[in-house]
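Student:
Written out as structure tokens, the structure is:
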């Protein structure tokens, strides 16, 4: 009887061990699969300038119409920096900036378009003219360029009012 009891206990222990191993194996090998498909949008812009041959003169106005077009396939935010190649020319020039749709960030020097720019749409003009001071000297106006540099970032996940925040993740 004692021998049968030991055999029975051994069989029960063996069955419990097998069931425990089967349960652990089932837990560790069970899985649910899900395929995540990503599609990437192409964020592309082009800066368009209407800038006829300028002839800067003291007291004169130079036409320079600057817009940015979203030529990619996702809506985006846009920022633009305007630089002068000549500090003297910059000191006697005043830019006619569209402050209704653009805002200058004095920290980084960029003008931020205040709206999400849809695909195949251009911004309103950042500027249309450059006014030269009446007291400017002609030598200050020789051989200078107005350089326009634009950047964009996808607007997905942001609202119209978050145009500054959308660019915070960019690093240079």
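In this note's numbering, the protein residues as written are 53 to 224.
Backbone N, C-alpha and C fix where the C-beta goes; we use that ideal spot for every residue, glycine too.
Just so you know, these numbers come straight off a predicted model, no measurement behind them.
#1: Check whether the stretch 155-167 and the stretch 191-200 touch, using three or more Cβ-Cβ pairs below 8 Å as the test.
#2: Give the secondary structure of residue 193 by DSSP, where H, G and I count as helix, E and B as strand, and everything else as coil.
#3: In terms of alpha-carbon separation, which member of 68, 102, 219 and 141 lies closest to residue 108?
#4: What does DSSP give as the partner residue(s) for residue 179 in the beta ladder?
#5: Suppose the cutoff is 6 Å on Cβ atoms and the five residues either side in sequence are ignored; what does the same chain contact list for residue 133 look like?
#6: Within the continuous beta strand (DSSP E) that includes residue 163, where are the two ends?
#7: Can you list, in chain order, the residues of its chain with a C-beta nearer than 8 Å to that of residue 105? Leave out the 5 residues immediately preceding and following it.
#8: Between residue 203 and residue 131, is the Cβ-Cβ spacing less than 7 Å?
Tutor: On the basis of the data shown:
#1: Contact fails: fewer than three Cβ-Cβ distances are below 8 Å.
#2: For the purposes of this step, residue 193 is taken as residue 141 along the chain shown, with counting starting at 1. Residue 193: helix per DSSP, three-state reduction.
#3: What you label residue 108 is simply residue 56 of the chain shown in a count that begins at 1. The shortest C-alpha separation from residue 108 is found at 141.
#4: In the chain shown, counting from the first residue as 1, residue 179 sits at position 127. Beta-bridge pairing links residue 179 to 118 and 149.
#5: For this step, residue 133 is matched to residue 81 along the chain shown. Only 161, 162 and 201 meet the Cβ criterion.
#6: Counting from 1 along the chain shown, the entry for residue 163 is found at position 111. Segment 163-165, the beta strand (DSSP E) holding residue 163.
#7: Position 53 of the chain shown, counting from 1, holds the residue named residue 105. Contacts found: none.
#8: Translated into positions along the chain shown, residue 203 becomes position 151. Translated into positions along the chain shown, residue 131 becomes position 79. Residue 131 is positioned such that its CB atom lies closer than 7 Å to that of residue 203.
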